[in-house]
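Take a look at the structure set out below.
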Amino acid sequence: MLRLRDGIVELYTKVASSIPSDVEDALKQTYTSEATAGEPVPGRGSGCFSVIIDNVKNARTTRKPLCRDIGIPVFWVKIPHGLDRQQITVEIVEGSRRAVVKLLRGPADSGGSEADVAAVNPAIYFEDSDKNNLVVDLLLKNTDCQPGGELSQIEGSANFALKSAADVQVNTEDYYQKIRDIVADTVKKAKKSVCGPYTIGVGIGSEGDDVAMISKKQLLRRLNDINPATQELEKKLLEDLNAIYTTVSGSTAETTALGVKVGGSYSDPASVVVNVSICCWANRRGRLIWG
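Residues in the sequence shown are numbered from 2 upward in steps of one, following our numbering.
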């Protein structure tokens with residue numbers, strides 16, 4: 002399984018040192034719009050986007066981490082029948098550890114020992130696949146841009162249960178408005194410390210652990226990805242968030258979010274749990290197809 006381990010190292014290194022093209026394009030478009038905006042001050046927020054775009058270019062060229070916080074690795078693995086999940090897990094963990102060593106030290110740094118680097122404990126979600134290839138998606142979730150206490154509040158346990166009478170359906174306008182209020186309130190709290198603009202993942206369902214995973218998985222979707230079932234809600238949520246004009250600490254940008262993605266089940270009107278995952282501007286994700 003050495004080849005898979007090498008593939009994980011390459012995937013991890015690429016994801017840590019770059020952002021996907023759709024996110025980079027959105028940042029550039031936002032830079033242009035803020036540079037020419039007339040309200041309230043022309044060009045007030047464009048400076049931070051210029052710095053971000055330069056950082057993206059430099060990280061990609063040097064193959065160094067895009068952010069001082071390398072992030073928490075979250076893997077989704079689509080595994081064909083017959084492959085050993087335990088062995089795949091070993092390869093992912095070891096590949097992640099080697100990638101972190103490589104990223105922190107750099108190719109020219111031969112000092113010290115790999116044992117000096119703390120162990121990497123990625124979150125790994127497996128899905129059965131009827132395909133022949135193993136597909137590995139990686140999301141690096143930032144932690145260093147906010148205090149640990151707020152992290153658990155915002156990303157780890159931002160679960161809210163919605164209740165309704167038995168005759169009220171989940172897909173009513175009232176439920177959509179409650180979801181919009183929950184997302185807006187969560188983002189307002191995050192704006193105190195998290196580096197914007199954000200990509201927001203929203204998970205909806207009937208069980209807390211499931212929706213937490215679902216909300217994180219939405220961050221893998223491209224910003225231009227369209228799901229007809231959630232498209233209208235995502236559009237309204239994005240409009241809501243970009244109407245919040247309280248700027249992020251250390252930033253003058255007025256754009257709060259680049260995109261909002263929603264996933265999950267709307268089937269149980271009696272109890273609905275909403276989970277919100279927030280990713281800063283460095284929405285680092287990538288895919289490896291192996292086999």
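Backbone N, C-alpha and C fix where the C-beta goes; we use that ideal spot for every residue, glycine too. Nothing here was measured: the structure is a model prediction, and the numbers come from that model.
Check                                                                                                                             : Outcome
If you run the structure through DSSP and keep just helix, strand and coil, what is Q147?                                         : Note that Q147 has pLDDT 44, beneath the 50 cutoff, so the model's placement of it is unreliable and the number below is only indicative. Residue state, collapsed to three classes: coil.
Using 8 Å for Cβ pairs, my map puts V188 next to V275. What's the rounded Cβ distance?                                            : No, V188 and V275 are not in contact; Cβ-Cβ is about 13 Å, not under 8 Å.
May I have the straight-line CA-CA distance separating E95 from G264, to the nearest angstrom?                                    : 31 Å
So the candidates are S97, K262, L104, Q87; which of them puts its Cα closest to the Cα of F127?                                  : Q87
Is E128 helix, strand or coil by DSSP?                                                                                            : strand
Where does the unbroken beta strand (DSSP E) through D138 begin, and where does it stop?                                          : 135-142
Are there three or more Cβ pairs, one per stretch, closer than 8 Å when the stretch 199-214 is compared with the stretch 273-290? : yes
Please report how far the alpha carbon of F36 lies from the alpha carbon of R6, in whole angstroms.                               : First, the amino acid is wrong: residue 36 is Ala here, not Phe. Distance between the alpha carbons of A36 and R6: 44 Å.
Using DSSP with H/G/I as helix, E/B as strand and the rest coil, what is R6?                                                      : helix
What separation, rounded to the nearest whole angstrom, lies between the Cα atoms of I125 and M214?                               : 10 Å
Can you tell me whether T31 is helix, strand or coil according to DSSP?                                                           : helix
Look up I245 in the DSSP assignment and say whether it is helix, strand or coil.                                                  : coil
Look up L105 in the DSSP assignment and say whether it is helix, strand or coil.                                                  : helix
Taking the alpha-carbon positions, what's the T62 to D175 distance?                                                               : 48 Å
State the start and end residues of the unbroken beta strand (DSSP E) segment that holds V261.                                    : 258-265
Do P74 and L141 come within 7 Å of each other at the CB atom, strictly closer than that value?                                    : yes
Quick check: G8 and L289, are their CB atoms within less than 7 Å of each other?                                                  : yes
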